[in-house]
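Please read the structure below before turning to the comments.
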Amino acid sequence: MTAHDPDILCIGSVLWDVIGRCPDPMVPGNDKPGRISRVPGGVALNIAMTLAGLGLRPALLSVVGRDAEGAELAQQCRQLGLDTTHLTFADDLPTDRYMAIEAPGGLVAAIADAHSLEAAGIRILAPLIDGPLGTVDRPYTGLIALDGNLTEGLLSDIAAHPAFAQADLRIAPASPGKATRLQAFLRAGRGTLYVNLEEACLLCAEPFTNAAQAAAALVAQGAVRAVVTHGGNTCCDTCAHQTVTRTPPAVTVTRITGAGDTFMAAHIAAERAGHDRPEALRRALDAAATYVSGDVSQ
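Below, the structure written as C-alpha cells:
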C-alpha cells in the first residue's frame with residue numbers, strides 16, 4: 001500500500017437523504033409543520049463520512065447518475081475528504097434518494113429509492129475484481145464496509161467471490177426490510193455483521209429479546225462475528241471466543257437516520273486504531289449517542 005491508498009472501501013448506497021423532522025409526535029395521516037433537509041446520505045456514504053471525520057481515508061464504490069444531482073453529490077463527497085476515484089458515474093441511471101419522516105418517538109416512515117445501485121450491479125465492483133484495487137489473483141486484503149442495499153444476488157456473489165476472500169468484511173443490512181439479504185454471509189461463514197435486534201430476528205427467523213441472544217445465534221448460524229445493537233438497551237459483540245456487552249449512554253434522541261452507520265464506522269475506526277473490543281464498543285456507543293442527541297435545528 002502507498003500513502004495515497006484508501007484505509008477502507010465503503011461499498012453500497014451513495015445518495016441524497018431528504019429528511020423531514022417534526023418536533024411533535026406524529027401518527028400516519030398527520031400533516032404537521034417541521035423542517036426538511038437534503039444532505040448526502042446512504043449507508044456506505046454515512047459510514048464513509050464518519051470514518052473521514054475520525055481521520056481515516058475512505059474510498060467509495062457505488063454509483064451516481066451523470067446528472068446534476070450526481071455531480072453535486074460527488075463534489076460534496078470530495079469536499080468531505082472522501083475518495084471518489086472509483087465511484088461509477090452512470091449515463092443510464094439517475095442518482096438515488098432516500099426520504100424519511102422523523103418525530104420525537106423515532107422514525108415515522110421512510111422510503112429508500114436505491115434502484116440505480118441495484119441496476120448498476122457488478123459494475124460498481126470492477127475496481128476490486130479487475131482493476132486498481134484488486135483482482136481475482138491478487139485480492140484486496142484491507143477493510144471493506146459493505147451495505148445491504150446491493151441486490152441479494154450480488155451480495156451472494158460477493159460472499160463467495162475470490163476477489164473478496166482476503167478482505168476484512170464489515171457488513172450492515174441497511175434496513176430491517178433488507179436484513180435477510182445477508183444470509184449468504186452466514187452460509188459462507190464470512191464477515192462481521194452489524195445489525196440491530198429486529199434485523200437479527202429476521203436474519204435468524206427467531207424472536208430474540210436481547211442483543212446477547214441474537215449475537216450468539218448469528219455466530220452459531222455462520223457469522224464470524226456479530227455486533228448487535230438494541231436501541232438504548234445493552235449491545236453485544238460476540239464471536240467464537242469472546243463476548244462483550246455494554247449499555248449505551250442515556251440521551252435524548254433528536255434524530256434517527258444514520259445512527260447505526262455512525263455506530264459501525266466508529267467501531268471500525270476504534271479497532272483500526274488498536275483499541276480492544278470492550279473499548280471499541282464503548283467508543284462506538286458513545287459516538288452513536290452523540291449523533292442521535294445532536295442539534296438538528298438547522
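Numbering (UniProt numbering), first residue to last: 1 to 298.
C-beta atoms are modelled at their ideal positions from N, C-alpha and C, and glycine is treated no differently.
Cα separation between residue i and residue j?
| i | j | result |
| --- | --- | --- |
| residue 2 | residue 169 | Low confidence applies here, because residue 2 scores a pLDDT of 48, under 50, leaving its location unreliable and the question unanswered by this model. |
| residue 298 | residue 285 | Bear in mind that the predicted position of residue 298 carries a pLDDT of just 40, short of 50, making it unreliable; the figure below should be weighed with that in mind. Distance between the alpha carbons of residue 298 and residue 285: 24 Å. |
| residue 324 | residue 19 | The requested residue 324 does not occur in the structure, where the chain is confined to residues 1 to 298. |
| residue 210 | residue 281 | 17 Å |
| residue 270 | residue 51 | 10 Å |
| residue 263 | residue 105 | 20 Å |
| residue 202 | residue 243 | 22 Å |
| residue 143 | residue 275 | 16 Å |
| residue 219 | residue 5 | 32 Å |
| residue 287 | residue 231 | 13 Å |
| residue 145 | residue 171 | 6 Å |
| residue 239 | residue 54 | 26 Å |
| residue 245 | residue 186 | 22 Å |
| residue 212 | residue 237 | 8 Å |
| residue 278 | residue 235 | 11 Å |
| residue 74 | residue 40 | 9 Å |
| residue 36 | residue 148 | 26 Å |
| residue 72 | residue 206 | 43 Å |
| residue 283 | residue 13 | 25 Å |
Mark residue i as exposed unless 16 or more other C-beta atoms lie within 10 angstroms of its C-beta, in which case mark it buried.
| i | result |
| --- | --- |
| residue 123 | exposed |
| residue 247 | exposed |
| residue 233 | exposed |
| residue 141 | exposed |
| residue 38 | exposed |
| residue 96 | buried |
| residue 138 | exposed |
| residue 181 | buried |
| residue 241 | exposed |
| residue 17 | buried |
| residue 228 | buried |
| residue 24 | exposed |
| residue 68 | exposed |
| residue 136 | exposed |
| residue 158 | buried |
| residue 131 | exposed |
| residue 28 | exposed |
| residue 160 | exposed |
Taking residue i as the reference, give the member of the options with the closest Cα.
| i | options | result |
| --- | --- | --- |
| residue 258 | 73, 239, 23, 110 | 110 |
| residue 175 | 260, 59, 83, 65 | 260 |
| residue 26 | 272, 108, 144, 181 | 108 |
| residue 114 | 98, 127, 125 | 98 |
| residue 11 | 133, 75, 103, 53 | 133 |
| residue 167 | 148, 129, 154 | 129 |
| residue 267 | 294, 205, 195 | 195 |
| residue 126 | 154, 279, 22 | 154 |
| residue 76 | 100, 135, 15 | 15 |
| residue 265 | 136, 235, 49 | 49 |
| residue 8 | 151, 160, 273, 236 | 273 |
| residue 177 | 40, 150, 279 | 150 |
Enumerate in chain order the residues of its own chain whose CB-to-CB distance from residue i is below 8 Å, with the five nearest sequence positions on each side excluded.
| i | result |
| --- | --- |
| residue 78 | 84 |
| residue 208 | 197, 200, 201, 214, 217 |
| residue 162 | 136, 139 |
| residue 165 | 139 |
| residue 156 | 184 |
Can you name, in chain order, every residue of its own chain whose Cβ lies under 7 Å from the Cβ of residue i, other than the five neighbours on each side?
| i | result |
| --- | --- |
| residue 93 | 63, 65, 116, 119, 120 |
| residue 293 | 251, 252, 253, 254 |
| residue 183 | 203 |
Once the 5 residues before and after residue i are set aside, which same chain residues still bring their CB inside 6 Å of it?
| i | result |
| --- | --- |
| residue 179 | 173, 199, 202, 203 |
| residue 100 | 19, 110, 257 |
| residue 22 | 32, 34, 103 |
| residue 112 | 98 |
| residue 152 | 181 |
| residue 70 | 64, 95 |
What I want to know is whether the C-beta of residue i ends up closer than 6 Å to one or more non-hydrogen atoms of the ligand ATP.
| i | result |
| --- | --- |
| residue 240 | This structure simply doesn't include the ligand ATP, nor any ligand for that matter. |
Inter-stretch contact at 8 Å, needing at least 3 Cβ pairs: the region 83-91 / the region 21-34: The region 83-91 vs the region 21-34: no contact.
Segment contact, 8 Å Cβ cut-off, at least three pairs: the region 219-227 with the region 186-206: Two segments are said to touch when three or more pairs of C-beta atoms, one from each, lie closer than 8 Å; by this definition the region 219-227 touches the region 186-206.
Inter-stretch contact at 8 Å, needing at least 3 Cβ pairs: the region 43-52 / the region 236-252: As far as the Cβ criterion goes, the region 43-52 does not touch the region 236-252, which means the pair count is below three.
Segment contact, 8 Å Cβ cut-off, at least three pairs: the region 50-61 with the region 72-82: Short answer: they touch.
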